[in-house]
Each structure stands twice: as structure tokens, then as C-alpha cells.
Amino acid sequence: MAETTLFELVSPERLIISKDVSMVVVPGTEGLFGVLPRHTSMLSALAPGVIDIYEEDVITERVFVINGFAEVTGERCTVLAEDVIPVDKLNPEELEETIVKIRAEVDNADQADADRLNKLIVQKEAVLQAMRSVKL
Numbered sequence: 043m044a045e046t047t048l049f050e051l052v053s054p055e056r057l058i059i060s061k062d063v064s065m066v067v068v069p070g071t072e073g074l075f076g077v078l079p080r081h082t083s084m085l086s087a088l089a090p091g092v093i094d095i096y097e098e099d100v101i102t103e104r105v106f107v108i109n110g111f112a113e114v115t116g117e118r119c120t121v122l123a124e125d126v127i128p129v130d131k132l133n134p135e136e137l138e139e140t141i142v143k144i145r146a147e148v149d150n151a152d153q154a155d156a157d158r159l160n161k162l163i164v165q166k167e168a169v170l171q172a173m174r175s176v177k178l
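In the working numbering, the protein residues as written are 43 to 178.
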């Protein structure tokens, strides 16, 4: 049997995945990184993007994550994500509509709220760009 590492994916609501995998590829803020068994310990912030889960050198599952952190040790990779969406459930059009609604709110907001909403728009646009780049 091939060597494996434990992969755990956790959202604020629950543990989503916990299984032994041959490799996992994670979207870090500094770029994609692969985690194999006996990987060097590290901590990385996540960027919006797809996690590819490999078993026996084949991608068996793909999930889209939005923000969070990944902790890697020699035995495991734990991803704590703000939001997790199955790749086949991605809906960039819905997110575009949300961004349009937030932009409309900016027009009627005071300065403090407008600043907060503009930051939210930038975050959502980054997620939208990552969604559009996903190859199904």
C-alpha cells in the first residue's frame, strides 16, 4: 500500500472530510502547494480556490474553499476554511448578483459603511475570479 497522509477539511459548522490521501494540493496565498506524506511542517493562509484530493495518484475529489488556513505536519494536513463549496455547485452568476447589490448599497451608505462595503466587494471579486478560473 502506498504511503498516505491524513487530510482533514473543517468548516465553521463541521468536519467535512477526514481521510488518508496520497496527496492534497491546496491554494495558499503564495500559490498552490502540494502536501505529500512526511511533508515539512508549515502554516499557510488560504486563497479562494480549489483543493484537489488525490488517492492512488488520481484526483478523487475537488472542493472550492474560501479563505482560512492550512496547517501541515509530517502526518497530516488540516484545512480550516471559512466556506467550502463542491466544485460542481459553484455559481459565479449568483456571486455576481451579490456584488451588484452591494455596489448599490455603497451609493446610499455613509463613509464608514461605504469603506466596509468596498472592502467586501474586493473580497467577493477575488472569490469570483477564482470561481471563474476553475476547470470542471
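Even for Gly, the Cβ is constructed at its ideal location relative to N, Cα and C. Note that this is a predicted model, so its numbers are computed, not measured.
Which residue's Cα is closest to the Cα of residue i: the options?
i    : options              : result
K61  : E103, I163, E50, E55 : E50
V66  : L88, L85, I93        : I93
R46  : H81, E135, L137      : The amino acid at residue 46 is misidentified as Arg; the sequence shows Thr. Ranking H81, E135, L137 by Cα distance to T46 puts H81 first.
D130 : I59, K177, S64, P79  : K177
V169 : I101, L88, R118      : L88
L137 : D99, S83, I163, V52  : I163
G76  : F111, C119, F106     : C119
S64  : E97, T71, R56        : E97
P79  : L48, V52, E113       : L48
Where does residue i fall in DSSP's three states?
i    : result
V177 : The identity of residue 177 in the sequence shown is Lys, whereas the question assumes Val. Three-state DSSP puts K177 in coil, outside helix and strand.
L74  : strand
E50  : strand
Within 10 angstroms of its Cβ, does residue i collect 16 or more other Cβ (buried), or is it exposed?
i    : result
G116 : exposed
P69  : buried
P54  : exposed
G91  : buried
| task | Starting from the N-terminal side, write out each stretch of the beta strand (DSSP E) that is 3 residues or longer and does not extend beyond the segment 116–157. | result | 118–128
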